[in-house]
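Residue numbers (the UniProt record's numbering): 1 to 169.
We treat Cβ as the ideally placed atom computed from N, Cα and C, and that holds for glycine.
Report on one structure; see the data block that follows.
Written out as structure tokens, the structure reads:
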């Protein structure tokens, strides 16, 4: 990726070392065109990373944080409608549903039941609510596993009558 951007003289536009000229500079429009060509590559890369990201052994928090970082960067490249009609609100709601589905699709199988419950809820939960529900389920599963693996209370006081102490003899 870096090699391709270097060949097109676009690395500085991506890493910020070549800033956009001021608004009144005639080179600003040229910079925008050149930068837009590089943005498509980055948008594609971000979408591919998002599509390929799976929970696979990560905690829900780590998985969601990684996904959110990618979404936030992608959102910087996407154009949001700026009109005062309902299009902006509709676009924002649609983006949130897409993110919610993406998050749920790539969770591990241990979240299947809560995922099914979330998807059947009307109206759909917000992304933050979905994250909270999945996180709660993960924590509940951790506590359950801990209790299943814990030593029963009575075993702590078990005394083996055949063990003798040579020090006191």
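Alpha carbon of residue 125 to alpha carbon of residue 102, nearest angstrom: Here residue 125 is taken as the residue at index 125 of the chain shown, counted from 1. Here residue 102 is taken as the residue at index 102 of the chain shown, counted from 1. So the alpha carbons of these two residues sit roughly 14 angstroms apart.
Taking the alpha carbon of residue 95 as the reference point, which residue from 79, 58 and 118 has its own alpha carbon closest? Here residue 95 refers to the residue found at position 95 when the chain shown is read from its first residue. Per the Cα distances, 79.
Is the segment 80 to 90 in contact with the segment 103 to 113, if contact means three or more CB pairs nearer than 8 angstroms? The segment 80 to 90, when compared against the segment 103 to 113, does not touch it at the 8 angstroms Cβ threshold.
By the DSSP assignment, the alpha helix (DSSP H) with residue 66 in it spans what residues? Looking up residue 66 in the chain shown gives position 66. Segment 60 to 77, the alpha helix (DSSP H) holding residue 66.
Cα-Cα, which of 105, 20 and 139 is closest to residue 51? Locating residue 51 in the chain shown gives position 51, counting from the first residue. That would be 105, whose Cα lies nearest to the Cα of residue 51.
Determine, using beta carbons only, whether residue 53 and residue 74 come nearer to each other than 7 angstroms. Looking up residue 53 in the chain shown gives position 53. Looking up residue 74 in the chain shown gives position 74. No.
Determine the contact status of residue 55 and residue 44, defining contact as a CB-CB distance below 7 angstroms. If you number the chain shown from 1, residue 55 lands on position 55. If you number the chain shown from 1, residue 44 lands on position 44. In this structure, residue 44 does not lie closer than 7 angstroms to residue 55 by Cβ.
Along the chain, which unbroken stretches of the alpha helix (DSSP H) at least 4 residues long are found entirely within the segment 99 to 125? You should have 112 to 119.
Anyone know if the C-beta pair for residue 27 and residue 21 falls short of 7 angstroms? For the purposes of this step, residue 27 is taken as the residue at position 27 of the chain shown. For the purposes of this step, residue 21 is taken as the residue at position 21 of the chain shown. Residue 27 places its beta carbon less than 7 angstroms from that of residue 21.
On the criterion of 16 or more Cβ atoms from any shown chain inside 10 Å, does residue 118 qualify as buried, or is it exposed? What you label residue 118 is simply residue 118 of the chain shown in a count that begins at 1. Label assigned to residue 118: buried.
Tell me which residue opens and which closes the alpha helix (DSSP H) that residue 18 is part of. Looking up residue 18 in the chain shown gives position 18. Where residue 18 is concerned, there is no enclosing alpha helix (DSSP H), given that its DSSP letter is neither H nor E.
Quick one: what's got a C-beta closer than 6 angstroms to residue 138's C-beta in the same chain, skipping five residues either side? What you label residue 138 is simply residue 138 of the chain shown in a count that begins at 1. Here the set comprises 60.
Residue 107 classed as buried or exposed, judged by whether at least 16 other C-beta atoms fall within 10 angstroms: Here residue 107 refers to the residue found at position 107 when the chain shown is read from its first residue. Looking at its Cβ environment, which holds 16 or more other Cβ atoms inside 10 Å, residue 107 is buried.
Residue 127: first and last residue of the uninterrupted alpha helix (DSSP H) it sits in: Here residue 127 corresponds to residue number 127 of the chain shown, with the count starting at 1. For residue 127, the enclosing alpha helix (DSSP H) stretches over residues 127 to 149.
Assuming residue 71 contacts residue 89 (C-beta within less than 8 angstroms), just tell me the rounded distance between them. Translated into the one-based positions of the chain shown, residue 71 becomes position 71. Translated into the one-based positions of the chain shown, residue 89 becomes position 89. About 19 angstroms separates the two Cβ atoms, so there is no contact after all.
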